[in-house]
Amino acid sequence: MQPLEDILTRFHYSDVSKENKEKKMMIQS
Numbered sequence: 000m001q002p003l004e005d006i007l008t009r010f011h012y013s014d015v016s017k018e019n020k021e022k023k024m025m026i027q028s
């Protein structure tokens with residue numbers, strides 16, 4: 000895999016995990 004692709008993939012997954020955490024917070028409250 001190319002470094003740039005790897006960076007973009009990590010960036011994308013970190014964004015997804017952030018969204019999931021926010022959704023969990025909303026569900027809990």
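For the sequence shown, position 11 matches number 10 in numbering that gives the first Met the number 0, and the numbering has no gaps at all. The beta-carbon is built from N, C-alpha and C at its ideal position, and this holds for glycine as well.
- A direct Cα-Cα distance of roughly 14 Å separates I26 from K17.
- Separation of L3 and V15 (C-alpha to C-alpha, rounded to the nearest whole angstrom) is 18 Å.
- Residues of the same chain with their beta carbon placed closer than 8 Å to that of R9 are lacking, with the five preceding and five following residues left out of the count.
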